[in-house]
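Reading through the structure tokens given below for one structure.
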Amino acid sequence: GLVFLLLIVPIKLVQALIFDFGDWNGQIDSTLSIGGSYRTSDPNPDYFGIDKGGNQYSVNLDDGNLNYEKGWFSKAVKMTNDLEFSGDNVGVFVRLTSFYDWENEDGDRAFRPLSKAALDKVGSDSEFLDYFAYFKFDVGDMPVDVRLGSQVLSWGESVFIQNGINSINPVDVSRLRIPGAELKEALKPVPMFSFNIGLTENVTLEGFYQFKWEQTVIDPRGTYFSTNDVVSRGSDRLYLGFGAVPDGAPFGFVPRAADVEPSDDGQYGLAMRVVVPSLNDTEFGFYVINNHSRLPMVSAITPTEHINPDLSGPLTQVFVVAGMPPAMAAEQAAGLWALATAFQTYGPEALTPEQLGILTAPQSQEALETAGQFAFFNAAATGRYRVEYPEDLKLYGVSFNTEIGSTGWTLQGELSYRPNQPMALDDVELIYAALSSVNPTFALINSFGNYFNHLGERIQGYREKDMYQFQLSTTRVFGPTLGADQMIFVAEAGYTSVPGLSDTTILFDGPGTITSANPLATTFGIQPVTEPIGNFATESSWGYRGIIKLDYSDVWAGINMSPLLQFAHDVHGNTPNPMLNFQEGRKSLTLGLLFDYQSQWSSELLYTSFYGAGTRNHLQDRDFISATLKYSF
């Protein structure tokens, strides 16, 4: 339980531990927190599969929704320790974080138990985040700072919106879900060498070389915020049938193959920053980065076996699923298939009236039809889907940071260009293409092509495209406002452009789509409805984020209070998967109260609401309240 956390809590929680060894000194800063998050409503049927009584035509996205009814979905205690040990121009920094969430680790889930891979992220864990050595020295008149080890390196001017210049470190989304989490815990440190050289008083050169590739960690399958049961941690299959096959059934799915991870080598970057005093000390930045994808891309491998025309095995499956003992099921299946084979080969004259009656009985015909579906499922199960991480992705960027005269407003912006950004194609049509290898009907309803008889062949599920992203943010600290000592306003708008995205016959995947946009697939009865084309990825998309915070000092007995309002609005367009920057109409709102006492005790009470974008916004029924108490020492 909590023992491992209690062991690392100092006996005397009074102040930071400071120690001195001559020319060397050190300090340990720690933060201990306890908190919980509470779901404000039960799952809405519009956001889970039809196999469980819902209205969604998919079972591949709802485990997280069904696992948590109204009530607590997190109760966690967490501790973060920062150790810095430094001498003259040299030092070491280490950050250790540990948490235990007894709701997830010990509680029962309403739908499906969490996997070990998921529990490692939301149940309990203890790990080192940063651990690096730093050195400071001069080369001639140029000051040089060097870091070696696992570290976070932030470039660019982004505040809220991802997939801009600040892409050196991957994100661990699950860390942000722990009550009391801080942003510094979300960015995953990676082993690298980094440097900063002051070429002149106003010009600096920075660079890095990474020694290890790390992926972005999306919410694991079945956890509260999870909306993907296919590529997240703990996912091992993709169910076919748009909800007709029950989630958890031992048939009707395509298994997941081993991920294809990139090399650890070849990840590096350079940046130059120039301060122009004549422009009110405006700083300009210029960046070039080469790294490997942190985001998962999905490709398919076509089945390795054709559909077996002998339906005796699938008939046995049908009878077993219906509740018949296996031995009896095999005997019944063999008999019925013998009648069907005789009828197909020699005609009705080969059967007695009694046998013909058995064969043509509605229940027999239904069993044979279902067996045909099982035969197809069995062939499909010899195919695979897999997660891939493309290598050698380029990024070029420019940025600026300035203050507008003496108004108190600061303005930051950046423009990034990625000439070979992988973008996901429609995953439903990808699966249709893979299935066309054993059933040519699927060749008519996908834009990838006809793969009939192409057994065991990889179909790439993404294309590399040019991508531009522009972000503009502003910050202003106001004086006394609404009775507060000060008001802080921060806002950012972002625009993503993918020129030529619509020049291909294949649709690029957009957030929240479930079926394909091909009406023939609906006409043939393969899918229940046709996804509107407007729900897929668009060439341009944009939105904005912001936060407003009021600071009231000493409202009672030395306690400071800060109400806040945080908002996000995706105004137009859908960013291609898996970037997920913007989904047209999607919004979120957070209202909160923060309290602080003597810069040691702090607490927060937050309410977050997700809304907009209709049923494509799979978080829309997961509003929640969270509360946290922290002690820093």
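The opening residue of the sequence shown carries number 7 in the working numbering; numbering runs sequentially from there.
Cβ coordinates follow ideal geometry from the N, Cα and C atoms, glycine included.
All of these numbers come straight from a predicted model, not from anything done at the bench.
Residue i (DSSP reduced to helix, strand or coil)
i	result
residue 574	strand
residue 96	strand
residue 489	coil
residue 419	strand
residue 433	helix
residue 110	helix
residue 539	helix
residue 60	coil
residue 391	strand
residue 349	helix
residue 627	coil
residue 510	coil
residue 35	strand
residue 52	helix
residue 590	coil
residue 533	coil
residue 135	strand
residue 250	coil
residue 358	coil
Pairwise C-alpha distance: residue j and residue i
i	j	result
residue 596	residue 523	34 angstroms
residue 132	residue 85	9 angstroms
residue 59	residue 51	7 angstroms
residue 116	residue 280	56 angstroms
residue 27	residue 398	46 angstroms
residue 495	residue 577	20 angstroms
residue 212	residue 293	9 angstroms
residue 448	residue 317	21 angstroms
residue 636	residue 610	9 angstroms
residue 556	residue 415	17 angstroms
residue 124	residue 242	13 angstroms
residue 196	residue 226	21 angstroms
residue 299	residue 149	33 angstroms
residue 594	residue 500	16 angstroms
residue 107	residue 181	12 angstroms
residue 380	residue 252	14 angstroms
residue 621	residue 444	33 angstroms
residue 568	residue 601	6 angstroms
residue 135	residue 223	14 angstroms
residue 470	residue 513	14 angstroms
residue 207	residue 303	44 angstroms
residue 545	residue 508	7 angstroms
residue 250	residue 90	57 angstroms
residue 214	residue 104	28 angstroms
residue 487	residue 558	10 angstroms
residue 1	residue 272	Outside the shown range of the chain (7 to 639) lies residue 1, about which nothing can therefore be said.
residue 376	residue 297	48 angstroms
residue 537	residue 187	37 angstroms
Host alpha helix (DSSP H) of residue i (start-end)
i	result
residue 69	69-72
residue 128	122-128
residue 442	Here residue 442 belongs to no alpha helix (DSSP H), and DSSP marks it neither H nor E.
residue 378	368-386
residue 529	525-529
Residue interval of the beta strand (DSSP E) (run including residue i)
i	result
residue 477	468-484
residue 554	546-562
residue 600	593-603
residue 26	23-27
residue 400	399-409
residue 641	Examination of residue 641 is not possible in this model, given that the chain is present from 7 through 639 alone.
residue 616	607-617
Starting from the N-terminal side, write out each stretch of the alpha helix (DSSP H) that is 4 residues or longer and does not extend beyond the region 259-346.
The qualifying runs are 318-327.
Going along the chain, which unbroken runs of the alpha helix (DSSP H) with 4 or more residues stay wholly within the region 153-194?
Segments of the alpha helix (DSSP H) lying fully in the region 153-194: 179-182.
Hey, is the region 218-235 in contact with the region 61-72, meaning 3+ C-beta pairs nearer than 8 angstroms?
With the cut-off at 8 angstroms, the region 218-235 and the region 61-72 touch.
For the region 187-240, which segments carrying the alpha helix (DSSP H) assignment without a break, of at least 4 residues, lie completely within its bounds, in sequence order?
Correct list: empty.
Closer than 8 angstroms is the cut-off here; do at least three beta carbon pairs connect the region 37-44 with the region 73-84?
Three or more Cβ pairs drawn from the region 37-44 and the region 73-84 lie within less than 8 angstroms of each other, which places the two stretches in contact.
Is the number of C-beta pairs between the region 267-274 and the region 539-556 that are closer than 8 angstroms three or more?
Between the region 267-274 and the region 539-556 there are fewer than three inter-stretch CB-CB distances shorter than 8 angstroms, so the stretches are not counted as touching.
Within the chosen definition, does the region 582-594 reach the region 561-568 through at least 3 CB pairs nearer than 8 angstroms?
The region 582-594 vs the region 561-568: no contact.
Contact between the region 468-488 and the region 410-429 is defined here as three or more beta-carbon pairs at a separation below 8 angstroms; is this criterion met?
Three or more beta-carbon pairs drawn from the region 468-488 and the region 410-429 are found closer than 8 angstroms, and the two stretches are therefore classed as touching.
Check whether the region 502-518 touches the region 599-610, counting contact only when three or more Cβ pairs, one atom from each stretch, lie closer than 8 angstroms.
Contact between the region 502-518 and the region 599-610 is absent, with fewer than three C-beta pairs closer than 8 angstroms.
Would you say the region 158-166 touches the region 453-473, given that touching needs at least three Cβ pairs under 8 angstroms?
The region 158-166 makes no contact with the region 453-473; the number of CB pairs closer than 8 angstroms stays below 3.
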